[in-house]
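So the structure is just underneath, and the comments pick up after that.
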Amino acid sequence: MRNGYPLPVLYYGQDAPPPERIPLRAGPLRMVFEPAEAFLRYVRLGPWEILRGVYAAVRDRNWGTVPPHLEHLEREIKEDRFRLTFGVMCRQAEIDFRWQGHLIGDPTGTIRFSFDGVAHSTFMRNRIGLCVLHPAEACAGQRCRVIHVDGRVTEGVFPVEVSPHQPFLEIRSIAHEVAPDLWVEVTFEGDVFEMEDQRNWTDASFKTYCTPLRLPFPVEVPEGTRIRQSVTLRLVGRVPDPLPPHERSLVFSIHPCRRTPLPAIGFGVARNTRPATGRALERLRRLRPAHLRVGVRPARPDWQERLRRAAEEAKPLGAGCEVAVFLTDRAQEELNALAEALLRLDISVHRVLVFHEAEKSTTRPWLLLARKIFGRRISIGGGTNAYFAELNRGRPPVDLVDLVCYSINPQVHAFDNASIVETLPAQGWTARSARSFVGDRPIAVTPVTLRPRFNPNATGPEPEPAPGELPPQVDVRQMSLLGAGWTLGSLKYLAESGAASVTYYETVGWRGVMETEEGPPLPERFRSLPGGVFPLYHVFADVAELAGGMVAPSVSTDPLRLDGVALVRDGTLRVLVANLTHEPSRPRIEGLPRHVRLRFLDERNALEAMANPEEYRAAPQEERPTEGGALEVELLPFALVRIDGVP
């Protein structure tokens, strides 16, 4: 507890303990099981991660995942084997589905996860069953062998660039090479399985799931329906004896190789709040936003008012506008009206992003119209307002655009803290894959949010939140230290992969970088400080002080625990590093000058930094010498540290 704030609220936005993790061994394999999500994670063989996870999902008619609730758990755990039996309830709206899980590991390194579920109501579903995640970083480019349900065998390779469509279909088993003469084989029973490249949604894995997408969905699940499936993992070949050690020392190193420009950083226009004035406006100015994003739909009566409010918010910040326009089949009339409104309001427009309400990715007719109306005086962007998957599958005509765009959020498939941290490296993979088909066109990632803004794949109306529940677009981690660490990681991977522009969050409110003076509409659920800033504000403020600079490549030996970004401008080095877990850590930072200054943001000063950001930022920094350019620092749970080189 810090000044009446429970530490978990500072850490990740809610007063709840971190999830329990049960360490398990099956012969040479090590892994953890999280009972709260019935999730088997991080299956490792010595230094090699061979599976990222195995879990079961109940997906509703709109692809929403029904949260699992553990009802009981029986465990029998020994040094080299285990047996877990557990019951899980998935209940939401009309869905009531319950399943029994059995997880068994034996001394040979064989693991079996079985699923036996029954529908206790009649409901519509898109998918129910087991999912297996192969780690993208370890598997991309690696050989694999697929046995299909008809007995055919395919020799293949996990995709290196993000695959727009399923790499493998009709899977009975898949094996991949881990080391010379050693393969890991995963066999599926109970349904037909296929694989998708989850990097399309910034999940860092290749997911093998049940029920092929070629089958119609949603479908009705009558009450009493029983579903049984299983997944079995086994090692095939010779396991090294002894296994190579798994290096656990935590090192963050900066490399003086090719640098990339720091992207132009902007924010979304605040929704349902007044434009910032007074103290809030001055705080936003310190972030030096390159632009503010506003979405307009000329077919709706309020679009000109939205545009006017965007201009009102952008002008005192010295920022331009990124205008996302959503057209109907009356596109020419709507684009003409937009052009007239922009002239009348005297808005500084950085770019117009052209979308059509009936399309997931921009097609040629609307871009031709936009180019005809705006000419070359305004940059025209095309792509998708949704996920990278939509851009990857519906690639826009790059000859007609000045830039290509898509959006990001880390919670398309999973919602826990560990899963959202796992998405960070995958953001870089999306930008690098986009480069393969957009040529030299700049890439704008816009916007980046913690929660999905809408569901582009819904097959029916989205339910309204229950009284007292947060809107689905709001995440309590927005006001937390983890939110700041995630933002830092996002900046690192998008910048290092060459994104030219990134739009984050909003300016003010519970989807923004600071709270309103009035405070949040649901203060008992979203426990921010009225009139205060969020910890992620300080990430943007630290980066803004080096705007126009470069990003130096950096590497963490364990990016799921710790990561950061290195910025350089005019010979000044600034390194920002975040602990991404609830465990204290002592990383070694390498590649620093002889003397540095440090400023921490953690549980000891987070409330002061939120309530009085000016005093926090003006306080003297701690100065330390390094040892040959290396420094060890103590990081509390979810802490951040800023390290500045001393001239």
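The sequence shown begins at 10 in my numbering and counts up one residue at a time. C-beta atoms are modelled at their ideal positions from N, C-alpha and C, and glycine is treated no differently. Please read these numbers as outputs of a predicted model, since none were measured by experiment.
Does residue i pass the burial test, meaning 16 or more other C-beta atoms within 10 Å, or should it be called exposed?
| i | result |
| --- | --- |
| VAL228 | exposed |
| LEU326 | buried |
| ARG223 | exposed |
| SER445 | exposed |
| PRO529 | buried |
| SER123 | buried |
| GLY637 | exposed |
| LYS216 | buried |
| PRO532 | exposed |
| CYS99 | buried |
| CYS266 | exposed |
| ASP159 | exposed |
| PRO270 | exposed |
| PRO406 | exposed |
| ASN666 | In this structure the chain extends from 10 to 656, so residue 666 is not present and cannot be described. |
| ALA628 | exposed |
| LEU38 | buried |
| LEU362 | buried |
| ASP611 | buried |
| HIS300 | buried |
| ALA475 | exposed |
So, for residue i: in the same chain, excluding its five sequence neighbours on each side, which residues have a beta-carbon less than 6 angstroms away from its beta-carbon?
| i | result |
| --- | --- |
| GLU399 | LYS369, SER370, THR393 |
| LEU674 | Outside the displayed range of the chain (10 to 656) lies residue 674, so it cannot be described from this structure. |
| PHE397 | ASN209, TYR415, THR439 |
| PRO32 | VAL41 |
| SER357 | GLY329 |
| ARG297 | ALA553, ALA556 |
| THR241 | ARG121, THR196 |
| ARG136 | ARG68, THR220 |
| PHE132 | GLU103, ILE104, VAL230 |
| PRO596 | LEU259, PHE261, LEU571 |
| ARG578 | LEU555, GLY558 |
| GLY36 | ASP89, PRO116, THR117, GLY118 |
| GLN482 | ARG460, ARG462 |
Measure from the alpha carbon of residue i to the alpha carbon of each residue in the options, then state which is nearest.
| i | options | result |
| --- | --- | --- |
| PHE226 | PRO481, ALA273, GLY469 | GLY469 |
| THR286 | LYS324, ASP311, ARG268, ARG306 | LYS324 |
| PHE424 | ASP125, GLY36, VAL201, PHE48 | PHE48 |
| ARG30 | ALA45, PRO17, LEU38 | ALA45 |
| LEU433 | GLY494, VAL577, LYS216, ARG53 | GLY494 |
| ASN426 | ALA25, ALA504, CYS99 | ALA25 |
| ARG603 | ASP579, ALA639, VAL187, LEU585 | ALA639 |
| PHE202 | GLU186, THR220, PRO189 | THR220 |
| THR337 | VAL542, LEU378, LEU352, ALA350 | LEU378 |
| HIS547 | ARG633, ILE389, SER506, MET488 | MET488 |
| LEU645 | TYR14, PRO15, TYR20, GLY13 | TYR20 |
| GLY118 | GLU471, LEU54, ARG288, ARG84 | LEU54 |
| ARG309 | TYR64, ASN281, LEU347 | LEU347 |
| GLN109 | ALA66, ARG134, VAL193, ALA145 | ALA66 |
| LEU16 | GLU643, ALA648, ILE274, ILE652 | ALA648 |
| LEU139 | PRO116, LEU112, GLU478, THR163 | LEU112 |
| GLU631 | GLN313, ASN621, VAL642 | VAL642 |
| VAL584 | PHE91, ARG608, LEU569, PRO144 | ARG608 |
| VAL278 | ARG302, ARG92, GLN207, ARG268 | ARG302 |
Leaving aside the five residues before and after residue i along the sequence, list all residues of the same chain whose C-beta is less than 7 angstroms from its C-beta, in chain order.
| i | result |
| --- | --- |
| LEU354 | LEU316, ARG317, ALA320 |
| ALA467 | ASN71 |
| GLU342 | none |
| THR566 | GLU256, SER258, LEU259, VAL260 |
| ALA184 | CYS153, ARG154, TRP192, VAL193, GLU194, VAL245 |
| PRO77 | GLU46, ALA47, VAL97, CYS99 |
| ILE429 | PRO419, GLN420, TRP495 |
| LEU293 | ALA285, LEU326, THR516 |
Compute the beta-carbon to beta-carbon distance between residue i and residue j, rounded to the nearest angstrom, for a pair I have assumed lies under 8 angstroms.
| i | j | result |
| --- | --- | --- |
| VAL169 | ALA149 | 5 angstroms |
| GLY359 | GLU331 | Sequence check: residue 359 is His here, not Gly. Correct: roughly 5 angstroms between the Cβ atoms. |
| LEU142 | SER239 | In fact, because the Cβ distance is near 16 angstroms, the residues do not count as touching under 8 angstroms. |
| PHE383 | ALA333 | So it is not a contact: roughly 14 angstroms between Cβ atoms. |
| ILE263 | GLU599 | 7 angstroms |
| LEU506 | ALA273 | Residue 506 is actually Ser in this sequence, not Leu. That belief does not hold up - the Cβ atoms of SER506 and ALA273 are roughly 15 angstroms apart, past 8 angstroms. |
| SER388 | LEU351 | Wrong, their Cβ atoms sit about 13 angstroms apart, outside the cutoff. |
Spatial neighbours of residue i within its chain, please: CB distance less than 8 angstroms, with the 5 preceding and 5 following residues excluded, ordered by chain position.
| i | result |
| --- | --- |
| ASN345 | ILE382 |
Any 3 or more C-beta pairs closer than 8 angstroms across the segment 252-261 and the segment 139-158
no
Taking one C-beta from the segment 450-457 and one from the segment 51-70 each time, how about it: are there three or more such pairs within less than 8 angstroms?
no
Any contact of the segment 525-540 with the segment 456-464, i.e. 3+ C-beta pairs under 8 angstroms?
no
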